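As given, the protein sequences belong to chains E and Z, one line each in that order.
Once you know that position 272 of the first sequence is 272 in the numbering used here, the rest is easy, because the numbers rise by one and skip nothing.
Once you know that position 119 of the second sequence is 398 in the numbering used here, the rest is easy, because the numbers rise by one and skip nothing.
Everything below concerns the one structure shown next.
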Amino acid sequence: MASVAASSPLAVPVTRLEYRNVTMRFADRSGRGALTAIRNVSFSIRDGEVVSLIGPSGCGKSTLLNIGSGLTAPSEGAAFVDGERVAGPNAQVAFMLQKDLLLPWRTILENVMFGVEIQGVPLAERRQRAQRLLSSFNLAEFSGHYPHHLSGGMRQRVALARTLAVDPHVLLLDEPFSAVDAQTRMVLQRDLARTLKQAGKTALLITHDLSEAVTLSDRVLVMSQRPGTVIDEIVIDLPQRDDPIARRHLPKVNDYVERLMDRLDIVHAGLEQPAGGAP
Amino acid sequence: MSSDARSAAMRKGTLASVSLLVIFLAAWQWGPDLLGIPTFIVPPLSMVAREFVHAWQFDHLLFHTAVTVGEVLAGFILGSLLGAVIGYLLGMSPTAEFALSPYILALQIAPKVAFAPLFILWMGFTVYPKILVAILIVFFPVMVNVLTAVRGVDPDLINLARSFKATRAQIFWKVEFPTSMPPMFAGLRIGSTLAVVGVVVGELVGGNQGLGYLLSFGEGQADTPMVFVSIVMLTLVGGIAYLGVIIAERHVLHYLPTRSDGQNL
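Below, the structure is given as structure tokens:
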């Protein structure tokens, strides 16, 4: 089981992120009843592991991510980071969304420094960290530019640099590349995969792109329709987690994608939805 | 649009603008005479220019202008500050906004200039009632724009700051305040011209200083050229105030992509 991520087989696997019996209810539209978005979700992610979360729209994936980052408190159960119960935002976790959320009045360098600036890291150090990250993403020459000068893919890379600048243990990624074009996405996926591997970061990645889930992750968790719960866990037993473009060529990738399609019942769901696209 | 095409369009536009001015001034100078309009109804340009020199020399035109400028500045600055502060406070407290919105709306609907006589009753023929009218009239566009801007900040942006453990003050100074700058400047632009309106109405209603006073004095004397001089000076004051806001805006919002359309207004 530990054959994939066991870069240091002697180390005891440390659980970085854990969800324990997490249930989330929201007040429904009338305000009287409650809508269960997530029901009894439990899973854990080891140090250095990359886990993808897939599932139908509205199954509560993003809510799980908010709970993990401490922005939302669950109705029942709890999330734990490094064994500590998440009671609010904490420095060990950083998130990145589909939107780059760059601040238009800040230069690229200042945007990368946004998180560390809030956390009170001294100016000289945060500047150094930001410059190092921008160099590693080949964006050093743009550090003095404003976000509107950059393409969508570059902006998303800046957002990733901002996320990494706070040096979190755990990265929560909510469809980070779904707004960029296909080619750029592949490059960004490769950059992310390399960075995660080199820095040994732990990540939870929400995605709708099944091949993205397979090529980037050590494990894929499948969630059900609402009330969302984890219905399956598929270990991706493939080499080269740090190079999704190379991984994409492995024949087994298609087998995994097919398995995920089966688990998500995509063919069936397509027939069920009356408004569902092409016949 | 390429930069060549844009600069060509700008050249053409400038040419048309200048031509229009020349045509307007010429029509002002010779039009009334051609149409048989008496000079006490529409004095020609040359007569107004002579009146300007006369007023400068004998009627303390500079002094009256300075008084109006001072009132406009005071009213504009205080009104904007008040509008911004209240806008931020209401923007951050939905409860306060809910509780106060009917009263704010009522005050916004009430014609602010109608308060001028009341303020003069309270404060006499001083500069204060004029400044107060200007404050009241400038307050609303600034407050409404700031309020809407604070309310419209992307919640994900606030969550991002929160995820870095930002304090409430940090969220305000690093996210909400800068986000509100472009709409606030839109409010300040409107406010800068409204400040002149507020002050003039105050001066028309009572007192013996300022361009509004000169205006009503000219009216009382049936001195049409003096009325024209006052109007021109008031337009100038408003124009300079507006220009000041534009310059400040360009400076503060330098990071915004330059728009080729409508950036002249």
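Where a beta carbon is used, it is the ideal one built from N, C-alpha and C, also for glycine.
Computed from a prediction, not measured in an experiment: that's the story for all the values here.
Return the first residue and the last residue of the alpha helix (DSSP H) that residue i is part of.
i                     : result
residue 520 (chain Z) : 503–531
residue 379 (chain Z) : 373–388
residue 136 (chain E) : 123–136
residue 62 (chain E)  : 61–68
residue 331 (chain Z) : 324–337
residue 412 (chain Z) : 407–430
residue 107 (chain E) : Where residue 107 (chain E) is concerned, there is no enclosing alpha helix (DSSP H), given that its DSSP letter is neither H nor E.
Which of the three DSSP states, helix, strand or coil, is assigned to residue i?
i                     : result
residue 101 (chain E) : coil
residue 442 (chain Z) : helix
residue 21 (chain E)  : strand
residue 84 (chain E)  : strand
residue 113 (chain E) : coil
residue 234 (chain E) : strand
residue 364 (chain Z) : helix
residue 73 (chain E)  : coil
residue 316 (chain Z) : coil
residue 93 (chain E)  : strand
residue 248 (chain E) : coil
residue 52 (chain E)  : strand
residue 289 (chain Z) : helix
residue 202 (chain E) : strand
residue 163 (chain E) : helix
What is the residue span of the beta strand (DSSP E) that residue i lies within?
i                     : result
residue 46 (chain E)  : 34–46
residue 226 (chain E) : It is not in any beta strand (DSSP E) - residue 226 (chain E) carries neither H nor E in the DSSP assignment.
residue 209 (chain E) : Taken as a continuous stretch (DSSP letters only), residue 209 (chain E) belongs to no beta strand (DSSP E), as it is neither H nor E.
residue 174 (chain E) : 170–174
residue 496 (chain Z) : Segment 490–499 is the alpha helix (DSSP H) holding residue 496 (chain Z); no beta strand (DSSP E) there.
residue 178 (chain E) : No beta strand (DSSP E) contains residue 178 (chain E), which DSSP labels as neither H nor E.
Rounded to the nearest angstrom, how far is the Cβ of residue i from that of residue j, given a contact under 8 angstroms?
i                     : j                     : result
residue 333 (chain Z) : residue 488 (chain Z) : Contact doesn't hold; Cβ gap of about 19 angstroms is too wide.
residue 432 (chain Z) : residue 454 (chain Z) : 6 angstroms
residue 206 (chain E) : residue 61 (chain E)  : 5 angstroms
residue 168 (chain E) : residue 98 (chain E)  : Not quite, the Cβ-Cβ distance comes to about 19 angstroms (not below 8 angstroms), so this is no contact.
residue 370 (chain Z) : residue 477 (chain Z) : Contact flag wrong, Cβ pair sits at about 24 angstroms.
residue 245 (chain E) : residue 190 (chain E) : 5 angstroms
residue 204 (chain E) : residue 68 (chain E)  : 7 angstroms
residue 413 (chain Z) : residue 362 (chain Z) : Going by Cβ atoms, the distance from residue 413 (chain Z) to residue 362 (chain Z) rounds to 12 angstroms, so no, they are not a contact pair.
residue 466 (chain Z) : residue 425 (chain Z) : 7 angstroms
residue 336 (chain Z) : residue 325 (chain Z) : No, residue 336 (chain Z) and residue 325 (chain Z) are not in contact; Cβ-Cβ is about 17 angstroms, not under 8 angstroms.
Within this structure, are the beta carbons of residue i and residue j separated by less than 8 angstroms?
i                     : j                     : result
residue 38 (chain E)  : residue 71 (chain E)  : no
residue 161 (chain E) : residue 137 (chain E) : yes
residue 94 (chain E)  : residue 119 (chain E) : no
residue 367 (chain Z) : residue 429 (chain Z) : yes
residue 58 (chain E)  : residue 226 (chain E) : yes
residue 395 (chain Z) : residue 480 (chain Z) : yes
residue 115 (chain E) : residue 165 (chain E) : yes
residue 235 (chain E) : residue 259 (chain E) : no
residue 514 (chain Z) : residue 462 (chain Z) : no
residue 508 (chain Z) : residue 327 (chain Z) : yes
residue 399 (chain Z) : residue 484 (chain Z) : yes
Between the alpha carbons of residue i and residue j, how many angstroms are there, rounded?
i                     : j                     : result
residue 506 (chain Z) : residue 435 (chain Z) : 55 angstroms
residue 387 (chain Z) : residue 500 (chain Z) : 36 angstroms
residue 401 (chain Z) : residue 112 (chain E) : 55 angstroms
residue 6 (chain E)   : residue 25 (chain E)  : Unreliable positioning characterises residue 6 (chain E) in this predicted model, as indicated by a pLDDT of 44, which lies under 50. A coordinate reading is not provided.
residue 134 (chain E) : residue 197 (chain E) : 18 angstroms
residue 110 (chain E) : residue 145 (chain E) : 10 angstroms
residue 490 (chain Z) : residue 88 (chain E)  : 60 angstroms
residue 322 (chain Z) : residue 329 (chain Z) : 11 angstroms
residue 53 (chain E)  : residue 21 (chain E)  : 17 angstroms
residue 194 (chain E) : residue 75 (chain E)  : 36 angstroms
residue 248 (chain E) : residue 150 (chain E) : 28 angstroms
residue 215 (chain E) : residue 237 (chain E) : 11 angstroms
residue 375 (chain Z) : residue 423 (chain Z) : 14 angstroms
residue 224 (chain E) : residue 36 (chain E)  : 13 angstroms
residue 129 (chain E) : residue 122 (chain E) : 11 angstroms
residue 403 (chain Z) : residue 391 (chain Z) : 18 angstroms
residue 524 (chain Z) : residue 240 (chain E) : 58 angstroms
residue 540 (chain Z) : residue 289 (chain Z) : Note on residue 540 (chain Z): pLDDT 44, under 50, position unreliable in the model; no value is reported.
residue 147 (chain E) : residue 107 (chain E) : 7 angstroms
residue 518 (chain Z) : residue 472 (chain Z) : 8 angstroms
residue 192 (chain E) : residue 202 (chain E) : 12 angstroms
residue 27 (chain E)  : residue 152 (chain E) : 36 angstroms
Check whether the Cβ of residue i sits closer than 7 angstroms to any heavy atom of the ligand ZN, and report yes or no.
i                     : result
residue 453 (chain Z) : Among the ligands in the structure shown, none appear at all, so the ligand ZN cannot be discussed.
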